[in-house]
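Notes follow the structure.
There are 2 protein chains.
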Amino acid sequence: MGHTPPVPEFRYAQFCPLARATEILGERWTLLIVRELLTGPKRFADLRRALPGVSSSVLTVRLARLEELDLVAQRALRPPAASTVYELAEAGRALLPVVLELVRWGVRFLQPPGERDHFEADWLPLGLAGIARRGPSPSIAVAVHLAAADGGVSCQVRGGRRGTVVTREIARPDATLETDSPLAVMALATGMLAPADAVRSGGLRVEGDLDALTRFPELFELAPSGAGHVLGADID
Amino acid sequence: MGHTPPVPEFRYAQFCPLARATEILGERWTLLIVRELLTGPKRFADLRRALPGVSSSVLTVRLARLEELDLVAQRALRPPAASTVYELAEAGRALLPVVLELVRWGVRFLQPPGERDHFEADWLPLGLAGIARRGPSPSIAVAVHLAAADGGVSCQVRGGRRGTVVTREIARPDATLETDSPLAVMALATGMLAPADAVRSGGLRVEGDLDALTRFPELFELAPSGAGHVLGADID
DNA sequence: CCGCATCCGTTTCGATACTG
DNA sequence: CAGTATCGAAACGGATGCGG
């Protein structure tokens with residue numbers, strides 16, 4: 001019978017929430033599994049496909065551990081489907097802010113995708129949400145459509161007094177941005193590529209208010225330098 | 237000669253900021269090293285002491301990688317000191333929000349410290365800052381003093397319209413909270429322990445406005461369930 | 001097919017000993 | 001004090017096989 005396999009569990013042996021969090025999330029692939037499940041339930045094989053390089057054994061162990069800690073729950077689909085899906089439980093969904101901060105920070109180290117780099121269209125909204133401006137941003141709404149082999153994604157970026165919000169629903173955008181290059185979108189959002197250049201050189205098509213497109217980068221911001229406001233680093 | 241040591245570099249081969257971030261931060265000890273440096277420059281030996289279990293070789297490799305990526309910089313002290321310290325560079329300081337979110341999330345998995353668990357007084361302000369309420373919180377200021385073998389720490393928790401702030405400076409607190417048990421403070425802050433019980437059972441001493449102490453837990457909140465506001469998990 | 005276990009070569013980790 | 005060298009143990013990646 002399927003008696004519980006070991007499910008190894010590393011411990012730092014520290015009384016610290018950060019240590020505890022990284023004990024749970026720090027192993028290879030774990031946070032990427034969470035990222036996949038943040039966009040909805042997935043089957044074992046779906047996860048393998050989105051995560052080239054995970055061995056099935058590691059994926060099994062990771063899912064078992066996430067289930068054990070109630071970050072993830074396994075759910076059986078209706079009989080005809082004859083399959084089960086993994087979905088985030090409450091504690092797993094609570095990881096969204098963590099993931100968004102990591103995205104926000106990680107963007108500065110993102111490099112142009114190489115030939116062998118994998119990409120899923122679903123990752124784009126996450127990337128945009130991560131660098132969404134937190135303070136007041138232009139009151140414009142831009143719809144972004146990304147075409148990809150797996151069908152692509154669409155999302156809407158809307159600025160406002162309380163910051164920029166990224167949603168899946170498209171409603172009355174001022175401008176529409178269409179491309180098949182995730183790099184172009186990210187470069188545009190981070191200001192590394194001027195909108196005009198993106199249209200000219202990249203495969204970027206635009207419709208609607210051109211002024212909204214010009215101001216598109218203002219909807220975003222990179223991570224601030226974090227002036228150590230809490231922990232008063234007493235730099236000699 | 238000191239030819240470049242390998243400094244292994246794992247890659248997920250994905251065009252995703254989260255993957256990039258975890259490539260950099262996901263190895264064992266890395267984020268805990270960052271945590272230590274968030275409270276100021278440290279020497280190699282200081283880090284080893286605060287991180288029981290790191291082997292010197294792993295610490296060397298981690299620091300080399302962090303330096304390579306400009307998260308950390310090595311600085312030579314004035315001649316008489318005859319030593320070097322490691323300190324966070326800009327990209328390292330920018331990790332504070334990431335660390336705070338991880339703390340906020342990790343608190344729910346924190347267990348009472350076992351006999352062998354290590355603890356540094358410096359970690360307490362980080363823990364409190366992680367669970368500081370982001371919305372309006374009571375306009376009270378509580379000074380927290382933690383006594384410990386290594387000297388202890390003091391910090392102040394202040395509520396206000398824009399949320400709770402944790403600082404190292406103590407100024408005009410409404411109440412003062414003194415203890416030698418970090419667990420008692422965290423249990424108090426998370427509402428797992430009633431203030432009255434903490435005073436009675438735990439080694440918790442209080443001065444000043446008792447009402448402020450009663451409302452102390454209101455200054456904090458745990459991570460919300462994260463309703464997936466961005467990535468619309470289409471749960472079938 | 002799908003979920004998962006097993007085997008195996010390689011990488012990474014942890015503990016100890018050693019060097020400038 | 002600040003690392004380097006070494007070595008056994010554990011974790012990882014890839015392939016293969018088994019039961020539903």
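These protein sequence lines are chains A and B, in that order.
Just so you know, the first sequence maps onto residues 1 to 236 in this note's numbering.
Just so you know, the second sequence maps onto residues 237 to 472 in this note's numbering.
Every residue gets a Cβ at the ideal spot worked out from N, C-alpha and C, and that includes glycine.
Item                                                                                                                    : Value
Short-range partners of chain A found in the stretch 334-356 of chain B, where Cβ spacing is below 7 Å                  : Val334, Val335, Glu337, Leu338, Val339, Trp341, Gly342, Val343, Arg344, Phe345, Leu346, Pro349, Arg352, Asp353, His354, Phe355
Boundaries of the alpha helix (DSSP H) in which Pro436 of chain B is found, first to last residue                       : Just to set this straight, residue 436 of chain B is Arg in the shown sequence, not Pro. From DSSP, the alpha helix (DSSP H) with Arg436 of chain B extends over 431-436.
Strand pairing of Tyr86 of chain A, partner residues [DSSP]                                                             : A:Lys42, A:Gln74
Beta bridge counterpart(s) of Gln156 of chain A as assigned by DSSP                                                     : A:Ala143, A:Thr167
Against chain A: residues of the stretch 253-282 of chain B by CB proximity under 7 Å                                   : Pro253, Leu254, Ala255, Arg256, Ala257, Thr258, Ile260, Gly262, Arg264, Leu267, Leu268, Arg271, Leu274, Thr275, Gly276, Pro277
CB contact below 8 Å: Pro182 of chain A versus chain B                                                                  : yes
Span separating the alpha-carbon of Glu169 of chain A from that of Gly159 of chain A                                    : 15 Å
Per-residue burial, Ala76 of chain A [other beta carbons within 10 Å of its own, 16 or more giving buried]              : exposed
DSSP state of Gly53 of chain A mapped onto helix, strand, coil                                                          : coil
Chain B within 8 Å of Phe220 of chain A, Cβ atoms only                                                                  : no
Val72 of chain A burial status per 10 Å Cβ neighbour count (16 or more: buried)                                         : buried
Opening and closing residue of the alpha helix (DSSP H) in which Glu260 of chain A lies                                 : Residue numbering for chain A in the displayed model covers 1 to 236; residue 260 of chain A lies beyond these limits and cannot be assessed.
Test: Tyr12 of chain A CB closer than 8 Å to a CB of chain B                                                            : yes
Nearest candidate by alpha-carbon position, reference Asp117 of chain A, set B:Asp358, B:Glu457, B:Gln250               : B:Gln250
Separation of Arg298 of chain B from Glu27 of chain A, as counted between CA atoms                                      : 16 Å
Limits of the beta strand (DSSP E) - the one that Ala411 of chain B falls within                                        : 411-415
Cβ-based neighbour list, Glu23 of chain A, same chain, cut-off 7 Å, excluding 5 preceding and 5 following               : Phe10, Arg11, Tyr12
Arg329 of chain B at chain A interface by Cβ criterion, 8 Å                                                             : yes
Three or more C-beta pairs below 8 Å linking the stretch 174-188 of chain A and the stretch 139-148 of chain A          : yes
Pro112 of chain A burial status per 10 Å Cβ neighbour count (16 or more: buried)                                        : exposed
Met192 of chain A, buried or exposed, once every other Cβ within 10 Å from all chains shown has been counted against 16 : exposed
Reference Val98 of chain A, options A:Ala194, A:Leu18, A:Asp209, A:Ala196, closest by Cα                                : A:Leu18
Separation of Ala430 of chain B from Gly439 of chain B, as counted between CA atoms                                     : 14 Å
Partner residues on chain A for Val459 of chain B, Cβ-Cβ distance less than 9 Å                                         : What sits at residue 459 of chain B in the sequence shown is Ala, not Val. What Ala459 of chain B touches in chain A: Ala91, Ala94, Leu95, Pro97, Val98.
Arg369 of chain B burial status per 10 Å Cβ neighbour count (16 or more: buried)                                        : buried
Beta strand (DSSP E) segment containing Gly387 of chain B, residue limits                                               : Counting along the chain, Gly387 of chain B falls outside any beta strand (DSSP E), and DSSP gives it neither H nor E.
Contact under 8 Å by Cβ, Pro136 of chain A with Glu218 of chain A                                                       : no
CB of Thr190 of chain A within 8 Å of CB of Ile131 of chain A, strictly                                                 : yes
Whole-angstrom distance between Ala212 of chain A and Ala257 of chain B, CA atom to CA atom                             : 31 Å
Distance between Gln74 of chain A and Glu67 of chain A (C-alpha atoms, nearest Å)                                       : 7 Å
Distance, Val103 of chain A Cα to Ala286 of chain B Cα                                                                  : 28 Å
Any C-beta of chain B under 8 Å from that of Gly191 of chain A                                                          : no
Proximity below 8 Å, CB of Val243 of chain B to CB of Trp265 of chain B                                                 : no
Endpoints, beta strand (DSSP E) assigned at Val334 of chain B                                                           : Premise fails: Val334 of chain B lies in the alpha helix (DSSP H), 332-342, not in any beta strand (DSSP E).
Straight-line gap, Lys42 of chain A to Arg314 of chain B (C-alpha atoms, nearest Å)                                     : 57 Å
Cutoff 7 Å; reference Arg65 of chain A; Cβ partners in own chain excluding five residues on either side                 : Val7
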